[in-house]
Structure formats: C-alpha cells, structure tokens
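Take a look at the structure below.
Numbering (my numbering), first residue to last: 8 to 66.
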C-alpha cells in the first residue's frame, strides 16, 4: 500500500517541477526577447526593418 501511494506523489511532484521549469523557461524567454528587441532597436542602424516583426507580437 505504501509503494502504491508513493508513486502518484512522485509523479505529481515531477509534474509540478516540470510546470515550474516551463514557467521559468517562458519567463526567461520573454525577458530575452524583450531585451533583444530593446537592445536591437538601440543598436540598429535601420530600426524600421524590425518594426514589422514587433507589430504582430504586440497584437
């Protein structure tokens, strides 16, 4: 009985960890994209070229 009860707990813990990992990846990805867009606009010689890429993301 103990073994059958522990396995679902472990699975739920792994699911929780996977969800946390996914959330952190999404957060870091959003930060990376935002930083890339900000620094890209600051460093670009032709900032108008990147604006068509940014507009669909904002909608």
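Note that beta-carbon positions come from the ideal geometry of N, C-alpha and C, so glycine has one too.
Bear in mind the structure is a predicted one, so any value in this text is a computation, not a measurement.
Exercise. By how many angstroms is the C-alpha of residue 31 removed from the C-alpha of residue 19?
Worked result: 18 Å
For this session: Give the straight-line distance between the Cα atoms of residue 38 and residue 24, rounded to the nearest whole angstrom.
Result: 21 Å
For this session: Please work out which residues of its chain come closer than 7 Å, Cβ to Cβ, to residue 28, disregarding the five sequence neighbours upstream and downstream, and give them in chain order.
Result: none
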